[in-house]
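Here the structure is laid out as C-alpha cells; the discussion comes afterwards.
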Amino acid sequence: MARKLSVCPLSLEEANCLVDRWHSHHGPVVGHKFSLGVATDDGVVHGAAIVGRPNARYLDNGLTLEVTRCVTDGTSNVASALYGACRRACFALGFTRIVSYTLKSESGVSLKAAGWRVLAESAGGSWSCQSRPRVDKHPLEPKLRWEATP
Numbered sequence: 000m001a002r003k004l005s006v007c008p009l010s011l012e013e014a015n016c017l018v019d020r021w022h023s024h025h026g027p028v029v030g031h032k033f034s035l036g037v038a039t040d041d042g043v044v045h046g047a048a049i050v051g052r053p054n055a056r057y058l059d060n061g062l063t064l065e066v067t068r069c070v071t072d073g074t075s076n077v078a079s080a081l082y083g084a085c086r087r088a089c090f091a092l093g094f095t096r097i098v099s100y101t102l103k104s105e106s107g108v109s110l111k112a113a114g115w116r117v118l119a120e121s122a123g124g125s126w127s128c129q130s131r132p133r134v135d136k137h138p139l140e141p142k143l144r145w146e147a148t149p
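Using numbering that gives the first Met the number 0, you'd call the opening residue of the sequence shown number 0 and step up by one each time.
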C-alpha cells in the first residue's frame, strides 16, 4: 500500500543535513528564502528542497526565486511533490517566477510532472578564471534551466 506524502517546513539546517547526505554533486547552501520537506504518514522525511534568490545576477529581479537544492532518498514521487510545493509556495508569497537547473544528462521527469518547462540550456564549464581561480567540485557539463510561472 502506498504511503501518503505530505509537505512540511524545514529549517535551513535540517534541509542542508539532507543535502549533505543525499545530493550527488553539490553540498549545503549558505542561505535561503525557505526550505520544504516531504514526509510519509509515519513522519519520516524522504526529501528536501531549498529555495533562495537566483544565483544568476540577471535573474535576481526581486520577483524570481530558484530551487537551489532538491534531494530525495529515492522514494517515488517525492521530487515531483517537492517541485510542485516549491512552485505553489513561491506564487503564494507573491513571486512571479521560479527557476531551477538540472544537468543535461538528467531526465527532469520530476520537474515535468510538477508543471515546469525547459527554458534554456547553458554551455556548462568552469567558473575558474585567471583573475579568480577556483577548484571545480561540481560537474562541468551543460545544464538545463527550468521555469514555472503562475
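Cβ coordinates follow ideal geometry from the N, Cα and C atoms, glycine included.
Whole-angstrom distance between residue j and residue i, CA atom to CA atom
| i | j | result |
| --- | --- | --- |
| residue 35 | residue 47 | 6 Å |
| residue 37 | residue 130 | 42 Å |
| residue 52 | residue 144 | 15 Å |
| residue 67 | residue 14 | 11 Å |
| residue 61 | residue 18 | 26 Å |
| residue 73 | residue 30 | 25 Å |
| residue 11 | residue 128 | 31 Å |
| residue 6 | residue 69 | 14 Å |
| residue 82 | residue 110 | 6 Å |
| residue 92 | residue 126 | 32 Å |
| residue 141 | residue 117 | 13 Å |
| residue 40 | residue 132 | 47 Å |
Cβ distance (whole Å) where residue i is taken to contact residue j below 8 Å
| i | j | result |
| --- | --- | --- |
| residue 25 | residue 77 | About 18 Å; that fails the 8 Å criterion. |
| residue 65 | residue 99 | 6 Å |
| residue 79 | residue 112 | 4 Å |
| residue 147 | residue 115 | 5 Å |
Buried versus exposed call for residue i [16 or more other C-beta atoms within 10 Å across all chains shown]
| i | result |
| --- | --- |
| residue 63 | buried |
| residue 139 | exposed |
| residue 88 | buried |
| residue 86 | buried |
| residue 95 | exposed |
Contained beta strand (DSSP E) runs [length at least 3] in the segment 19-67, N- to C-terminal order: Correct list: 33-39, 44-51.
Along the chain, which unbroken stretches of the beta strand (DSSP E) at least 3 residues long are found entirely within the segment 95-149? Listed in chain order, the complete beta strand (DSSP E) runs (minimum 3 residues) inside the segment 95-149 are 96-102, 116-120, 142-147.
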